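Below: the structure, in C-alpha cells.
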Amino acid sequence: MFDVDQLRQDFPILHTETRPGVPLVYLDSAASSQKPTAVIEAMNHYYRAQHANVHRGIHHLSEEATNAYEGARERIARFINAPDPATTIYVSNTTEAINLVAFSWGRANITTGDEILLTEMEHHANIVPWQMLAQEKGAIVRYLPFNEDGTLDLEQLSRFLTEKTKVFAFTAMSNVFGTITPVKQLVAAAHAVGAIAVVDGAQSVPHMPVDVQDLDCDFLAFSGHKMCGPTGIGTLYGKRELLEAMPPFMGGGDMIRRVTLEGSTWNELPWKFEAGTPNIAEGVGLGAAVDYLDDIGMDAIHAYEQYITGYALEALSEVKGLRLLGPNAAQKGGTATFTLAGMHPHDIAQLVDEDGIAIRAGHHCAMPLHHKLGINASARASFYLYSLPQEIDKLVASLERAKGVFRLGI
Amino acid sequence: MSSDMYREQIIDLYEHPLNYGELESPDFSYEEDNPLCGDVVRIDVRLDDSGRVADVRWSGEGCAISQASASLLTEEIKGLTLEELQAFDKDTLLEMIGVPLSMARVKCALLSLKVLKAGAYHLPEPDVLRGDQSG
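Take a look at the structure:
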C-alpha cells in the first residue's frame, strides 16, 4: 500500500479551500479526477520547450513534439497491454471513441435487422451512438437488464446475446452503481455468437489493472481526465484487423496517404483515425498520467479503493433514511451512490457543498438506469487514490447537518 | 454554518406546497423537466371570461428550490392576463424566492416560469384571442 497523505502532496488542488476556512473535500473523481503536479508540469514543459505541430516538420521542434506525443502513445499502449501502439487511437474522450466505433465499424458492418446489445446500466455515451446507428440502419438495440443489487442479470445473457447480435457494448464499471462487470466472460460470450465486444472502460481503466490481450476485447474506450490526465484526450484501443478494415471516421490532414482531386488513400494506423492537428499537449499529459499511475501500481490503487469504498459504504449505511444503490464493496469500484428520503439529490449536493464537499447529483448521464429504479436522480460520492477516510467522515457529518436543515429526523 | 439557500420559507413550501395538484379542464397545461437534475414541473391554468388567471395548479417533483419556486409563482399569477404571464420577468420570480442562488440552481428556480411561459405561448389560437380581448 502507499502513503495517501504523502501522495496527496502531489495534487495541489487538494490543498485549496472552497471558501476561506473551508478546505476542499473532493468526492467527485468518477466525474473527473484531479491532476498531479507531474501531469501539469509535463504539459507546461511541453508548451514551454517542445511545442510545434507534429508529423509534419523537418525542423527540430517538430521532431521533439512528435517524439513527446508518440512516446506518450507507446506508454499508454503498454499501460493497457496493447500489443502495438498503432492499435491505440488518440481521441478526445470515451464518448468520441464509442462514436468512432459506431460510425466507422458500425456503418460498414451493421445492416437491417441486426441486433446491437447494450446493458440497462450504460452511460449515455454507450447508448446514444448505437441508437443513432440503429436508426440509420434499421437495426435493433436491446438491453441486458440489471438485478436489484446493480449487478448484470447474467442468467438472461443467452436470451439477449444471440446469433442476431453483431455487437455487444457494455461498461466494465458502472458509473452509477460502481459495479465491476465480468468483462472477460462477457467478451467470450459475445465471441461465441460471432459478435464483437466493445468495452466502455471510462471507469475501469483509471481504477484497476486492465489488460486488453487478456480480456480479448475488440475495442476498449477510455478518457484521460478520469485517470489523473488532462481533459480533451482519451484512447480507443482496437484489434488491428478490425481497425485496418474500417473506413476512416473523420477526413482531413494527417489521416491521408495521398490526396488527388479524384480521391484519397488513407494513412496507416493509428493516424488513419486521427484527422487534423491533434491534442498534442494533452497526449503528453496523458502519458505523464499513466507514468504516475504505473509508479504507484494499479493493483495497489485498486486495493486501496476497495478499502475506502468499504469504509464509505459502512459509514453511509449508518445515516438514517439513506439508501445505497449498487452492490457491496467487493463487487464495485470507488463509488457510493445514494438517495436520502425527503431530500432531492440536488439539495443534498448543495448543502454538503457548504461544507466544502464536492459530490455529484443528478442522473449521471444514465437516465434509463434511474428510470428503471423509479427515481429521477441520485447523489454520488466517488473516490480515487487520494481519497481519505476522514473525508468520508466529513461527508457523513455534513449529511446529518443537511437533514437538520430539511427538518428530517436524525 | 449558514444555509442561505434554504431559509425557512423554502423548506416550508417544500413540505407544504401551495396550489399543488391538477385542474380538470385547464385552458392550458404544460410540463417540462430539467434533464440535468430530473426536476419536473407541470402547470395547469384556467382563465376567466375576461382572460385572467382564474385558477392555477402545479404538480411535479424535484429539488426544494424548483418546488418552492412553483408555489411562489402560481400564487403570484392569479388574476394576471395572458400578456402579463408572457411578460412575467424572471428577476421578479428570483426576488420572490429571495435567496442567493448559484448559477446551476438558477435553472431550478426558473423551471416553473419556463413551463408557465411555454404554456402561455402555446395556447391554441381562440384562447389567445380571448386573452387579447381582455387586454
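If you read the protein sequences in the order shown, they are chains U and S.
First residue of the first sequence: 1, per the working numbering; consecutive thereafter.
First residue of the second sequence: 1001, per the working numbering; consecutive thereafter.
Every residue, glycine too, gets a C-beta built ideally from N, C-alpha and C.
On a predicted model such as this, the values are computed, not experimentally measured, just so you know.
Rounded to the nearest angstrom, what separates residue i and residue j at their Cα positions?
{"i": "E74 (chain U)", "j": "P85 (chain U)", "result": "5 angstroms"}
{"i": "E305 (chain U)", "j": "P270 (chain U)", "result": "33 angstroms"}
{"i": "A300 (chain U)", "j": "H364 (chain U)", "result": "27 angstroms"}
{"i": "E262 (chain U)", "j": "I196 (chain U)", "result": "34 angstroms"}
{"i": "P494 (chain U)", "j": "A102 (chain U)", "result": "Outside the displayed range of chain U (1 to 410) lies residue 494 (chain U), so it cannot be described from this structure."}
{"i": "R401 (chain U)", "j": "D393 (chain U)", "result": "13 angstroms"}
{"i": "G321 (chain U)", "j": "L385 (chain U)", "result": "29 angstroms"}
{"i": "S1002 (chain S)", "j": "P1100 (chain S)", "result": "Here the model assigns S1002 (chain S) a pLDDT of 49, short of 50, so the residue's position is not dependable, and the following value carries that caveat. Their backbone Cα atoms lie some 12 angstroms apart in a straight line."}
{"i": "A188 (chain U)", "j": "E63 (chain U)", "result": "42 angstroms"}
{"i": "T1074 (chain S)", "j": "I13 (chain U)", "result": "44 angstroms"}
{"i": "G21 (chain U)", "j": "H15 (chain U)", "result": "12 angstroms"}
{"i": "K1107 (chain S)", "j": "D200 (chain U)", "result": "31 angstroms"}
{"i": "A52 (chain U)", "j": "Q1086 (chain S)", "result": "54 angstroms"}
{"i": "S1134 (chain S)", "j": "E1015 (chain S)", "result": "Because S1134 (chain S) sits at a pLDDT of 33, beneath the cut-off of 50, its placement in the model cannot be relied upon, and the following sentence gives the value as read from the coordinates. In a straight line, the C-alpha of S1134 (chain S) is about 36 angstroms away from that of E1015 (chain S)."}
{"i": "A77 (chain U)", "j": "V210 (chain U)", "result": "11 angstroms"}
{"i": "T171 (chain U)", "j": "W130 (chain U)", "result": "14 angstroms"}
{"i": "G297 (chain U)", "j": "A1064 (chain S)", "result": "44 angstroms"}
{"i": "I110 (chain U)", "j": "S382 (chain U)", "result": "37 angstroms"}
{"i": "N376 (chain U)", "j": "L340 (chain U)", "result": "13 angstroms"}
{"i": "D153 (chain U)", "j": "G334 (chain U)", "result": "22 angstroms"}
{"i": "S158 (chain U)", "j": "V183 (chain U)", "result": "16 angstroms"}
Which residues of chain S have a Cβ atom closer than 9 angstroms to the Cβ of residue i, listed in chain order?
{"i": "R407 (chain U)", "result": "I1011, E1015"}
{"i": "N376 (chain U)", "result": "D1033, C1037, G1038, D1039, V1040, E1061, G1062"}
To which residues of the same chain is residue i closer than 8 angstroms at the C-beta, ignoring the five residues directly before and after it?
{"i": "E163 (chain U)", "result": "V193, G194"}
{"i": "L324 (chain U)", "result": "L313, L316, S317, A336, T337, F338"}
{"i": "G252 (chain U)", "result": "A275, G276"}
{"i": "Q156 (chain U)", "result": "L144, P145"}
{"i": "P327 (chain U)", "result": "D149, G150, T151, F177, G178, T179"}
{"i": "A1118 (chain S)", "result": "Y1030, E1032"}
Can you pull the chain S residues whose beta carbon is under 8 angstroms from the beta carbon of residue i, in chain order?
{"i": "H364 (chain U)", "result": "What H364 (chain U) touches in chain S: nothing, since even the nearest Cβ is about 11 angstroms away."}
Excluding the 5 residues preceding and the 5 following residue i in the sequence, name in chain order all residues of the same chain whose CB lies nearer than 6 angstroms to its CB.
{"i": "R1042 (chain S)", "result": "E1031, S1059, G1060"}
{"i": "V54 (chain U)", "result": "A65, T66, Y69, I280"}
{"i": "L1072 (chain S)", "result": "M1096"}
{"i": "A169 (chain U)", "result": "L118, N126, V198"}
{"i": "C431 (chain U)", "result": "There is simply no residue 431 (chain U) to check, as chain U begins at 1 and stops at 410 in what is shown."}
{"i": "I140 (chain U)", "result": "E115"}
{"i": "E268 (chain U)", "result": "none"}
{"i": "A1070 (chain S)", "result": "V1041, W1058, S1112"}
{"i": "T165 (chain U)", "result": "E115, L117, V193, A195"}
Considering only residues of the same chain and omitting the five flanking positions on each side of residue i, which have a CB-CB separation below 7 angstroms?
{"i": "E274 (chain U)", "result": "I89, Y90, D254, M255"}
{"i": "F160 (chain U)", "result": "L117, R142, L144"}
{"i": "K372 (chain U)", "result": "E120"}
{"i": "K272 (chain U)", "result": "P248, M255, W266"}
{"i": "G229 (chain U)", "result": "V39, G285, L286, A289"}
{"i": "K1090 (chain S)", "result": "L1110, L1113"}
{"i": "Y47 (chain U)", "result": "A281"}
{"i": "P36 (chain U)", "result": "D10, F11, C228, Y292"}
Are the Cβ atoms of residue i and residue j separated by less than 7 angstroms?
{"i": "S398 (chain U)", "j": "D355 (chain U)", "result": "yes"}
{"i": "P345 (chain U)", "j": "A330 (chain U)", "result": "no"}
{"i": "V405 (chain U)", "j": "Y1006 (chain S)", "result": "yes"}
{"i": "D1044 (chain S)", "j": "S1029 (chain S)", "result": "yes"}
{"i": "L1013 (chain S)", "j": "A1068 (chain S)", "result": "yes"}
{"i": "H123 (chain U)", "j": "A366 (chain U)", "result": "yes"}
{"i": "A221 (chain U)", "j": "L243 (chain U)", "result": "no"}
{"i": "V212 (chain U)", "j": "N81 (chain U)", "result": "yes"}
{"i": "A288 (chain U)", "j": "A30 (chain U)", "result": "no"}
{"i": "V198 (chain U)", "j": "F219 (chain U)", "result": "yes"}
{"i": "L388 (chain U)", "j": "I357 (chain U)", "result": "no"}
{"i": "M173 (chain U)", "j": "Q203 (chain U)", "result": "yes"}
{"i": "L133 (chain U)", "j": "G106 (chain U)", "result": "yes"}
{"i": "G238 (chain U)", "j": "T18 (chain U)", "result": "no"}
{"i": "R1057 (chain S)", "j": "L1023 (chain S)", "result": "yes"}
{"i": "A1120 (chain S)", "j": "L1080 (chain S)", "result": "no"}
{"i": "G283 (chain U)", "j": "A42 (chain U)", "result": "no"}
So residue i contacts chain U; which residues on that side make the cut at Cβ distance below 7 angstroms?
{"i": "Y1121 (chain S)", "result": "Correct list: empty, because the minimum Cβ distance to chain U is about 26 angstroms."}
Counting only Cβ pairs nearer than 8 angstroms, list the residues of chain U close to residue i.
{"i": "R1105 (chain S)", "result": "H346, Q350"}
How about residue i: is its C-beta nearer than 7 angstroms to some C-beta of chain A?
{"i": "T87 (chain U)", "result": "The displayed structure is made up of protein chains U and S, and chain A is not among them."}
Measuring from the CB of residue i, is there a heavy atom of the ligand ZN at a distance below 6 angstroms?
{"i": "K320 (chain U)", "result": "Annotation note on the ligand ZN: not contained in the displayed structure, which lists no ligands."}
**Asked** Which runs of the beta strand (DSSP E) fall wholly inside the region 251-332 of chain U and span at least 3 residues, in chain order?
**Response** Segments of the beta strand (DSSP E) lying fully in the region 251-332 of chain U: 256-259, 264-266, 322-325.
**Request:** May I have a chain-ordered list of the alpha helix (DSSP H) segments no shorter than 4 residues that lie completely inside the region 13-101 of chain U?
**Result:** Listed in chain order, they are 37-45, 60-79, 94-100.
**Request:** For the region 128-183 of chain U, list the beta strand (DSSP E) runs that are entirely contained and at least 3 residues long, ordered along the chain.
**Result:** The region 128-183 of chain U contains these whole beta strand (DSSP E) runs: 140-144, 165-171.
**Request:** Go through the region 218-246 of chain U residue by residue and report every complete run of the beta strand (DSSP E) that reaches 3 residues or more, in order.
**Result:** The qualifying runs are 219-223, 234-238.
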